[in-house]
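A.B. asks:
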Amino acid sequence: MSIDRLLTTVLQLYQDVHDDARTGQILATTTTLLTNLSNPLNVTLLTSQLLAAPAIWARGDGMRVCYRIISIFNTAALHLHRREREAENSKIRPPVTGLRPDAWASAVIKGADDLSSRWKHVLVLSGVLMGFEADHKRTLSPAMRATLENAVVMAANMALEEGGPGAPTSPPGPVIMALNYAFPTLSAAPRQTLNCDAVLAAATTAIFDADGLQDGLFLNAINVDMRQAGQKFMWAEKSPSFLLLRQLEQKPLVMGLGPLSKLVGFAIENARDTNSVLRAQDDILHFTDKLLQQWQATKFAEIEMSEEDVFLTAETLQSTWAGLWQLFKKIMYGVVAMLHPIVARSLLDPRMRNDVTASMVATKTLTALRNLYFISSRNGSDAFQVYSFTYLASLDTLSRYADASAAFLQTIRPVSPGAIPPHPLHRTLDLFYLNVAEHLPLHLSPQTCDALIVQPAIAYLTHSAPLSPRMLELFEAAHSAILSTLSCPHNAPIAVDLVPFYAETLFSSFPTYISPRQFRVAFKTLMQILSPPFPIAASHPHLAENLLEMAPLPPSASEVPSETGPELASEQSTLVLTLIDALPYLHPGIFEEWLTLVALAVGNVGDVAMRETTKRRFWDVLSSGEMDVERAAIGVAWWGTKGGREAVLFGSRALAQKDKVMMSGALPAPEEGGHESKL
Numbered sequence: 103m104s105i106d107r108l109l110t111t112v113l114q115l116y117q118d119v120h121d122d123a124r125t126g127q128i129l130a131t132t133t134t135l136l137t138n139l140s141n142p143l144n145v146t147l148l149t150s151q152l153l154a155a156p157a158i159w160a161r162g163d164g165m166r167v168c169y170r171i172i173s174i175f176n177t178a179a180l181h182l183h184r185r186e187r188e189a190e191n192s193k194i195r196p197p198v199t200g201l202r203p204d205a206w207a208s209a210v211i212k213g214a215d216d217l218s219s220r221w222k223h224v225l226v227l228s229g230v231l232m233g234f235e236a237d238h239k240r241t242l243s244p245a246m247r248a249t250l251e252n253a254v255v256m257a258a259n260m261a262l263e264e265g266g267p268g269a270p271t272s273p274p275g276p277v278i279m280a281l282n283y284a285f286p287t288l289s290a291a292p293r294q295t296l297n298c299d300a301v302l303a304a305a306t307t308a309i310f311d312a313d314g315l316q317d318g319l320f321l322n323a324i325n326v327d328m329r330q331a332g333q334k335f336m337w338a339e340k341s342p343s344f345l346l347l348r349q350l351e352q353k354p355l356v357m358g359l360g361p362l363s364k365l366v367g368f369a370i371e372n373a374r375d376t377n378s379v380l381r382a383q384d385d386i387l388h389f390t391d392k393l394l395q396q397w398q399a400t401k402f403a404e405i406e407m408s409e410e411d412v413f414l415t416a417e418t419l420q421s422t423w424a425g426l427w428q429l430f431k432k433i434m435y436g437v438v439a440m441l442h443p444i445v446a447r448s449l450l451d452p453r454m455r456n457d458v459t460a461s462m463v464a465t466k467t468l469t470a471l472r473n474l475y476f477i478s479s480r481n482g483s484d485a486f487q488v489y490s491f492t493y494l495a496s497l498d499t500l501s502r503y504a505d506a507s508a509a510f511l512q513t514i515r516p517v518s519p520g521a522i523p524p525h526p527l528h529r530t531l532d533l534f535y536l537n538v539a540e541h542l543p544l545h546l547s548p549q550t551c552d553a554l555i556v557q558p559a560i561a562y563l564t565h566s567a568p569l570s571p572r573m574l575e576l577f578e579a580a581h582s583a584i585l586s587t588l589s590c591p592h593n594a595p596i597a598v599d600l601v602p603f604y605a606e607t608l609f610s611s612f613p614t615y616i617s618p619r620q621f622r623v624a625f626k627t628l629m630q631i632l633s634p635p636f637p638i639a640a641s642h643p644h645l646a647e648n649l650l651e652m653a654p655l656p657p658s659a660s661e662v663p664s665e666t667g668p669e670l671a672s673e674q675s676t677l678v679l680t681l682i683d684a685l686p687y688l689h690p691g692i693f694e695e696w697l698t699l700v701a702l703a704v705g706n707v708g709d710v711a712m713r714e715t716t717k718r719r720f721w722d723v724l725s726s727g728e729m730d731v732e733r734a735a736i737g738v739a740w741w742g743t744k745g746g747r748e749a750v751l752f753g754s755r756a757l758a759q760k761d762k763v764m765m766s767g768a769l770p771a772p773e774e775g776g777h778e779s780k781l
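Going letter by letter, the sequence shown gives residues 103 to 781 in our numbering.
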């Protein structure tokens, strides 16, 4: 069949609706025609009729047919590009059949006429631009490329701005999908002419609605398909809910969520109306709320991460479970990538830096991150730079506003502040709460700190639940929240009662729940809090010494794992090192006495290697400048003239030697420690 007769046949087929197979043949033939037509008027006619054809648009195929339209014009442009390159590279240039790229692109642009909607034009023009210019192909002349890029942007702007009174609105999904494909190819100048306010509104709608992530509703069907296999649960790979999940992943907007977040980020940075950015943040927050609610309603949310092997079959873990979390991570990365430019703009935009808007943006960002924490807290999924900036910048902003900080903590506080919740998801959210609370006590009143930080943390400090990895994280977060609260000077009224309780908890928790490094850091922080210039040092000067007296001397010698390096550590040596760390913060009146007591404790360390480690640390404290001038002077005198050197090097034997009566100039017996150390 000649090309002209084929064109006539296809144009006739455009007028009726056909089945899937016939429609597929029509689209394939259209691609062939676009590639081989040599008359630009026919290319224009074919394009115009295709964009208005009932055979294509009356079937209700939605995003699928939009994707195929982009693919048709992308494929046709690729064929023309390849044909042009083959002709250029041949020594004897054969005659080129069909149109040259510039003429063909111009004909297609003319076919995007008033007979069809603007949003359909974006599909066609984006496909042409990608086929000719993506991946640095440089097929078109600079003038034609500029014309095509401007046509893409103009069509997108006009499509997104449609929808006045009585006028139909353009579906956001197809426009955003086409822009997402074309955006990396657009030059800087056409990008700047995009209506970023309209793009932003359409993008958030498209991503989270039916054309995209469906507000997390894909999780609803999972419970129906869960089956019990013996003592475990099974979610079959061929179940309807998992097939629905796979279909969701194949949607263009979900597949391209990474690049799409860059388009959204560009729109956020360049939107003229600040309210557009705030509305986009509201859309993101609404989606994360829905996603968390849908996840909480599934039975999977009741399984602790460390117990997945116990409750799920091997088939489920390797197939459906892994696929679900892969999608979750993609969602989390995409959402955080969209929140990042919102937070960045809130730091620079004068209309977003005012007290009301800044605290509101920070609060909503942290709420969205909390909603995603069941994903980001899994296997270190939050360990990337974009997440860290978004999280920490929001915390820095929120911490400046006491009322907003208190209101936020009140909103997300644990369900049962005085007890550990039985639901694993609630414990995960409690972990987020404690991690956030650690950064906020500086501007909160003592009463607010006690109610919103201390009391929720105490529940995890005094727990008796099995020590799972999640519970260990919660225990450490509770310690950090308490220490952060105590470190604020204005919290002295609650510190008086809290310090003894916390110290007792600290000693009872070591070494079962916390490592040697964590124990030493926590105790040292307590001693700093009880020392000048903190107000509690003036009102309760003996509290620091009382805290030291709580340490068990002589401590036991049981070995515990060390995080500080290859050196071994024991409970005994760790406690002695902890006492040494505390020396620079003691009141000068009791400093010399505790130097002697700690020196004796050093000598009582049973293991020789560990004892040498404690001796080196003692010497470092005395000589490395950790103490102020007054304590340093006392330390030098104690070391040189009051038996300190002998007490550290030889322990209790040196003190016993001091009590012996000797003739002036007599030498001690070799077995009594006559060997002199270089220290």
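We treat Cβ as the ideally placed atom computed from N, Cα and C, and that holds for glycine.
Looking at C-beta atoms only, is the number of pairs between the stretch 698 to 716 and the stretch 729 to 737 that lie closer than 8 Å three or more?
C.D. replies: Counting Cβ pairs under 8 Å, fewer than three are found: no touch.
A.B. asks: Could you have a look at S611 and say whether DSSP puts it in helix, strand or coil?
C.D. replies: Of the three classes helix, strand and coil, the one that applies to S611 here is helix, per DSSP.
A.B. asks: Using the beta-carbon count (16 or more within 10 Å), is F486 buried or exposed?
C.D. replies: By the 10 Å Cβ count, F486 comes out exposed.
A.B. asks: Given a cut-off of 8 Å on the beta-carbon distance, is the pair E607 and T564 in contact?
C.D. replies: According to the sequence as given, residue 607 is Thr; it is not Glu. Yes.
A.B. asks: Quickly, what does DSSP pair R329 with across the bridge? List them, please.
C.D. replies: R329 is bridged to M336.
A.B. asks: Give the DSSP-derived three-state secondary structure of A583 in the structure shown.
C.D. replies: Helix at A583.
A.B. asks: Roughly how many angstroms lie between the CA atoms of D118 and P156, to the nearest whole one?
C.D. replies: In a straight line, the C-alpha of D118 is about 6 Å away from that of P156.
A.B. asks: Going along the chain, which residues of its own chain have a beta-carbon closer than 7 Å to the beta-carbon of A160, five neighbours each way excluded?
C.D. replies: Answer for A160: V119, listed in chain order.
A.B. asks: Around the Cβ of Q352, are there at least 16 other Cβ atoms within 10 angstroms (buried) or fewer (exposed)?
C.D. replies: The residue in question, Q352, is exposed, as its Cβ has fewer than 16 Cβ neighbours within 10 Å.
A.B. asks: Going by the C-beta, is M260 closer than 7 Å to any heavy atom of the ligand ATP?
C.D. replies: Absent from the structure shown: the ligand ATP. Ligands present: none.
A.B. asks: I'd like the list of long-range same chain contacts for Q333, defined as Cβ closer than 6 Å, with 5 residues on each side in sequence excluded.
C.D. replies: Excluding sequence neighbours, Q333 sits near nothing in its chain.
A.B. asks: From what residue to what residue does the alpha helix (DSSP H) around A323 run?
C.D. replies: Where A323 is concerned, there is no enclosing alpha helix (DSSP H), given that its DSSP letter is neither H nor E.
A.B. asks: Apart from the five residues just before and just after T627, which ones in its own chain have a Cβ nearer than 8 Å to its Cβ?
C.D. replies: Result list for T627: L585, L588, S589, in chain order.
A.B. asks: Checking 8 Å against the spacing of the C-beta atoms, do I444 and V379 come in under that value?
C.D. replies: Closer than 8 Å, so yes.
A.B. asks: Return the Cβ separation of V230 and A179 in integer angstroms, given the expectation that the two are a contact with Cβ distance under 8 Å.
C.D. replies: The pair is a contact, with the Cβ atoms about 5 Å apart (cut-off 8 Å).
A.B. asks: Closest to A312 by CA distance: which of L362, D391, G164, M407 is it?
C.D. replies: Residue G164 is the option with its Cα nearest to A312.
A.B. asks: Please look up how many angstroms separate the CB atoms of L365 and L281, rounded, as I've assumed it's under 8 Å.
C.D. replies: Yes, L365 and L281 are in contact; Cβ-Cβ is about 6 Å, under 8 Å.
A.B. asks: Given that a residue counts as buried once 16 or more other Cβ atoms are within 10 Å of its Cβ, and exposed if not, what is E410?
C.D. replies: With fewer than 16 other Cβ atoms within 10 Å, it is exposed.
A.B. asks: Quick test of the definition: if touching needs 3 or more C-beta pairs under 8 Å, does the stretch 417 to 432 touch the stretch 505 to 519?
C.D. replies: No: fewer than three Cβ pairs fall under 8 Å.
A.B. asks: Which class does L201 belong to by DSSP, given the choice of helix, strand or coil?
C.D. replies: Three-state DSSP puts L201 in coil, outside helix and strand.
A.B. asks: Output the distance between the C-alpha atoms of L135 and F476, rounded to the nearest integer angstrom.
C.D. replies: Between L135 and F476, the C-alpha separation is close to 51 Å.
A.B. asks: What is the residue span of the alpha helix (DSSP H) that C298 lies within?
C.D. replies: Note, C298: alpha helix (DSSP H), 298 to 310.
A.B. asks: Determine the DSSP secondary structure at L346, reduced to helix, strand or coil.
C.D. replies: Helix at L346.
A.B. asks: Compute the beta-carbon to beta-carbon distance between M712 and A671, rounded to the nearest angstrom, for a pair I have assumed lies under 8 Å.
C.D. replies: Correct: roughly 7 Å between the Cβ atoms.
A.B. asks: Any idea which residues DSSP pairs L414 with across the strands?
C.D. replies: Partner(s): F335.
A.B. asks: Using the Cβ count rule (16 or more neighbours within 10 Å means buried), how would you classify T390?
C.D. replies: Buried is the call here.
A.B. asks: Compute the Euclidean distance between the alpha carbons of T499 and D384, then round it to the nearest angstrom.
C.D. replies: Approximately 18 Å between the Cα atoms of the pair.
A.B. asks: With a cut-off of 8 Å on the beta carbons, I'd call L315 and Q396 a contact; round off their distance for me.
C.D. replies: In fact, because the Cβ distance is near 11 Å, the residues do not count as touching under 8 Å.
A.B. asks: At what residues does the alpha helix (DSSP H) containing P548 begin and finish?
C.D. replies: Residues 548 to 551.
A.B. asks: Give the secondary structure of G275 by DSSP, where H, G and I count as helix, E and B as strand, and everything else as coil.
C.D. replies: Helix.
A.B. asks: In this structure, does DSSP put E264 in helix, strand or coil?
C.D. replies: Note: E264 maps to coil in three-state DSSP.
A.B. asks: Tell whether a beta-carbon distance below 8 Å holds between L288 and K222.
C.D. replies: Result no, Cβ atoms of L288 and K222 do not sit closer than 8 Å.
A.B. asks: Smallest Cα separation from E530: which of L497, R348, L554, N481?
C.D. replies: In the sequence as displayed, the identity of residue 530 is Thr instead of Glu. Answer by Cα proximity: N481.
A.B. asks: With 16 other CB atoms within 10 Å as the buried threshold, where does R124 fall?
C.D. replies: Answer is exposed; the Cβ neighbour count stays below 16.
A.B. asks: Applying the criterion that 16 or more other CB atoms from any shown protein chain within 10 Å of the CB defines a buried residue, is A304 buried or exposed?
C.D. replies: With 16 or more Cβ atoms within 10 Å of its Cβ, A304 is classed as buried.
A.B. asks: Let me make sure I understand the geometry here. Which of L702, E371, S726, A248 has the alpha-carbon closest to that of P686?
C.D. replies: For P686, the nearest C-alpha among the options comes from S726.
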